[in-house]
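What follows is a single structure, written as structure tokens, with notes after it.
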Amino acid sequence: MKKYSLVEITNEFIGKPGEPNRDKFEYDLRTEVIGEMIKRARLEQHLTQEQFGVLLGVQKSQISKIENNAKDVRFSTILRAFEALKAQVHLTVEFPGKVEGKEVLEF
Numbered sequence: 005m006k007k008y009s010l011v012e013i014t015n016e017f018i019g020k021p022g023e024p025n026r027d028k029f030e031y032d033l034r035t036e037v038i039g040e041m042i043k044r045a046r047l048e049q050h051l052t053q054e055q056f057g058v059l060l061g062v063q064k065s066q067i068s069k070i071e072n073n074a075k076d077v078r079f080s081t082i083l084r085a086f087e088a089l090k091a092q093v094h095l096t097v098e099f100p101g102k103v104e105g106k107e108v109l110e111f
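Using the numbering used here, you'd call the opening residue of the sequence shown number 5 and step up by one each time.
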């Protein structure tokens with residue numbers, strides 16, 4: 005029985021890096037992970053969506069939207085959510101094709 009790595013399966017069924025389907029898949033995955041991180045942090049602090057909404061100055065429905073579909077939420081709102089949860093956020097941006105393959109900016 006042949007074994008396949010996750011990368012091999014993803015390349016075969018989603019597409020290779022740089023292809024439109026793969027880019028969309030990775031974008032959707034990242035936004036889902038961000039929403040899940042916010043939800044877990046909120047739950048660890050024993051906050052309801054309504055209580056968390058009060059901290060952010062938004063409605064409960066906006067908190068649900070952040071946790072379940074972060075791709076349709078403003079980046080500034082996501083940063084405010086992490087700030088309200090007292091989370092440290094580190095952002096890494098990579099630009100391909102620079103010296104030694106990649107230039108990395110960290111904020």
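We put the CB at the ideal spot given by N, CA and C, even for glycine.
Query raised in the report: Beta-carbon separation of residue 82 and residue 67 under 8 Å?
Result: no
* Going by Cα to Cα distance, which pick from 94, 85 and 19 is closest to residue 39? -> 85
Practice task
Determine the direct distance from the alpha carbon of residue 32 to that of residue 59, and round the result to whole angstroms.
Solution key: 27 Å
Check your understanding: How is the alpha helix (DSSP H) around residue 85 delimited, first residue to last?
Key -> 79-88
Top-ranked residue by Cα proximity to residue 2, from 17, 42 and 25
The structure shown does not extend to residue 2, since the chain is modelled only from 5 through 111, so no value can be given for it.
inquiry  = Just to confirm the assignment: which complete beta strand (DSSP E) runs, minimum length 3, are found wholly within the segment 14-67?
reply    = none
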